[in-house]
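Have a look at the structure below, then the notes.
Numbering (the UniProt record's numbering), first residue to last: 1 to 518.
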């Protein structure tokens with residue numbers, strides 16, 4: 001009666017698929033490492049990127065008040081010595097009210113120590129040139145630096161030249177304003193003169209560069225966050241094999257396609273609901289226009305989606321090389337960090353130099369089988385696509401971000417990898433599972449390399465029934481039966497065996513039998 005309700009074919013695969021998917025959900029609830037690698041770790045780096053983005057210096061600086069106050073702020077005595085010279089000093093006979101007014105004007109500058117320079121004019125020398133000579137000769141006379149001075153060249157004292165020290169970036173407007181303010185005070189006015197330096201408004205080009213720099217800083221943290229995600233994919237697969245759970249499931253009848261498809265579906269769903277959703281939410285929540293507005297916005301979404309589809313099976317391919325879940329986690333994090341962020345930065349820097357630009361183009365193609373590099377390169381071009389056209393002559397001037405020389409090939413490679421890598425996982429699983437000539441030859445080669453030589457049991461030493469069953473199985477008589485063993489062997493390596501001695505001890509030697517169905 002049970003045969004009438006037996007599930008076979010794709011219905012059985014679907015049944016296994018949903019059962020294994022439910023198992024993954026239960027496992028995820030209690031697996032703290034999976035939660036750490038697929039959600040908490042990426043979230044930490046994403047929020048760090050947003051924090052850096054919000055603490056970046058604002059390119060549009062506030063206005064700066066220009067005064068003598070900040071100059072020589074650390075000098076206690078006479079912080080603002082102000083030299084001045086007039087024609088009265090050079091020609092004492094010309095002294096008069098105008099000359100006295102010049103001295104009074106400089107002395108009225110708030111906080112300044114007025115110092116009249118003793119100058120003498122020779123030939124056609126001007127008062128301004130003579131004052132410069134005095135300033136150079138008296139450089140060691142004061143603890144404070146002299147950032148400004150005045151020379152009055154007209155007899156009436158109204159023709160004033162402001163001398164400034166160029167180490168004071170805003171000395172010229174500060175000293176001009178200080179003189180005007182002193183003149184107002186001497187005239188009895190309560191008005192004051194405030195000098196401010198305003199930054200020029202940002203041009204569209206500067207704003208675009210600023211947004212690109214901010215977006216690229218965030219991309220670095222996104223790539224650091226996404227380097228942790230594959231570790232969560234790898235640790236479950238390797239742990240299933242490490243604990244022999246997968247072996248028990250397969251022996252119990254679970255189909256390998258159902259096992260891998262359920263793992264692929266669960267890992268991609270956790271990627272969608274976790275890192276992908278969080279990344280897009282943060283980009284929109286903090287208005288990272290360079291990555292969410294057109295034309296980069298749709299490109300970023302496709303890059304993130306295809307990366308998930310390609311990175312999951314690519315990680316599965318690496319798990320065949322590990323017997324320890326912790327080793328698989330560590331190596332996958334390192335592999336995605338080096339193959340993503342570091343490789344992208346190396347190729348990007350090499351693109352700036354004529355001697356290495358050719359090698360950079362070759363590296364781009366060699367690294368594209370890595371999903372993490374395709375994501376990194378695509379996000380780089382989403383940020384700096386316009387800038388990259390200037391340094392790479394291979395990119396046409398009218399090329400969009402979807403052009404093959406921009407991020408187009410990254411999308412194509414991710415799409416191909418999303419289809420090809422799951423197929424390679426199934427092929428590699430089948431090749432390593434045994435039961436086919438390729439797997440058998442591979443295992444024999446590994447055993448031979450380790451020094452194992454199977455010993456043959458003479459047929460005369462076998463019972464007649466055992467020998468007859470072995471001959472029946474070898475002739476194909478057990479084909480189609482429920483269980484069929486063909487020359488099954490089990491050998492254990494020996495420790496401390498001498499050179500040339502036996503290195504393996506056989507516990508099972510060439511057992512053959514068949515068990516009919518039912």
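C-beta: ideal position from N, C-alpha, C; glycine also.
- Alpha carbon of residue 86 to alpha carbon of residue 150, nearest angstrom: 9 angstroms
- Express the C-alpha separation of residue 163 and residue 338 in angstroms, rounding to a whole number. Here the C-alpha atom of residue 338 lies approximately 57 angstroms from the C-alpha atom of residue 163.
- In DSSP terms, what residue 84 is bridged to: 116, 150
- Item | Backbone secondary structure at residue 264 - three-state DSSP | helix
- Query: Contact check, residue 296 vs residue 20 under 8 angstroms by CB: the rounded distance?
  - Reply: The Cβ separation is near 38 angstroms, so there is no contact.
- Thinking residue 484 and residue 478 are a contact (beta carbons under 8 angstroms), I'd like their distance in whole angstroms, please. 4 angstroms
- Query: So is residue 17 buried or exposed if we call it buried at 16+ other beta carbons inside 10 Å?
  - Reply: buried
- Message: Which runs of the alpha helix (DSSP H) at least 4 residues long sit entirely within the segment 436-479? Give them in chain order.
- Response: 437-449, 464-474
- Using DSSP with H/G/I as helix, E/B as strand and the rest coil, what is residue 210? helix
- Task: Taking all protein chains shown into account, decide if residue 332 is buried (16 or more other Cβ within 10 angstroms of its Cβ) or exposed.
- Result: buried
- Look up residue 181 in the DSSP assignment and say whether it is helix, strand or coil. Looking at residue 181 - three-state DSSP - the assignment turns out to be helix.
- Verify whether the separation of the beta carbon atoms of residue 12 and residue 252 is less than 9 angstroms. no
- Endpoints, the beta strand (DSSP E) within which residue 65 is located: 64-66
- Closest by C-alpha distance to residue 33, when choosing among 236, 128, 472: Nearest C-alpha to residue 33: 236.
- Query: Which same chain residues, not among the five before or five after residue 302, have their C-beta less than 7 angstroms away from its C-beta?
  - Reply: The beta carbon of residue 302 lies closer than 7 angstroms to those of 411 in the same chain, with the five residues before and after it left out.
- Give the straight-line distance between the Cα atoms of residue 398 and residue 213, rounded to the nearest whole angstrom. 22 angstroms
- Message: Please classify residue 480 as buried or exposed, where buried requires at least 16 other C-beta atoms within 10 Å of its C-beta.
- Response: exposed
- Message: Just checking residue 289 against the ligand SAH - is the residue's beta carbon closer than 8 angstroms to any of the ligand's heavy atoms?
- Response: The ligand SAH is not part of this structure, which contains no ligands at all.
- Message: In whole angstroms, give me the CA-to-CA distance for residue 306 and residue 265.
- Response: 14 angstroms
- Query: Going by alpha carbons, who is nearest to residue 142 out of 79, 457, 100?
  - Reply: 79
- Query: Among 472, 509, 494, which one has its Cα closest to the Cα of residue 488?
  - Reply: Among 472, 509, 494, the Cα nearest to that of residue 488 belongs to 509.
- Message: Let me make sure I understand the geometry here. Which of 315, 218, 169 has the alpha-carbon closest to that of residue 228?
- Response: 315
- How would you label residue 118, buried or exposed, when you count the other beta carbons within 10 angstroms and need 16 or more for buried? exposed
- Item | Option nearest residue 393 by Cα separation, candidates 439, 352, 77, 167 | 352
- Query: Does DSSP classify residue 2 as helix, strand or coil?
  - Reply: With a pLDDT of only 49 at residue 2, under the threshold of 50, the placement of this residue in the model should not be trusted; the figure read from the coordinates follows. The three-state reading of DSSP puts residue 2 in helix, counting H, G and I together.
- Do you know how far the Cα of residue 39 is from the Cα of residue 507? 47 angstroms
- Item | Opening and closing residue of the beta strand (DSSP E) in which residue 490 lies | 483-493
- With distances taken between CB atoms, is the gap from residue 176 to residue 195 smaller than 9 angstroms? yes
- In three-state terms, what does DSSP make of residue 168? In the three-state reduction of the DSSP assignment, residue 168 falls in the coil class, being assigned neither a helical nor a strand state.
- Message: What would DSSP say about residue 284, mapped onto helix, strand or coil?
- Response: helix
- Going by beta carbon distance, what residues of the same chain come within less than 6 angstroms of residue 1, once the five residues before and after it are set aside? Annotation note: pLDDT 45 at residue 1 (below 50); position unreliable, no value reported.
- When 402, 341, 360, 366 are compared against residue 375, the one with the closest alpha-carbon: 341
- Beta-carbon separation (whole angstroms), residue 319 vs residue 234, contact threshold 8 angstroms: That belief holds up - the Cβ atoms of residue 319 and residue 234 are roughly 5 angstroms apart, short of 8 angstroms.
- Message: Measuring only the C-alpha atoms, how far is residue 344 from residue 334?
- Response: Using only the alpha carbons, I get a separation of about 14 angstroms.
- Task: Check the C-beta distance from residue 222 over to residue 379 and give it rounded, since I have them as a contact under 8 angstroms.
- Result: Contact holds; Cβ gap of about 7 angstroms.
- Whose C-alpha, out of 122, 46, 179, 148, is nearest the C-alpha of residue 107? The option with the nearest alpha carbon to residue 107 is 179.
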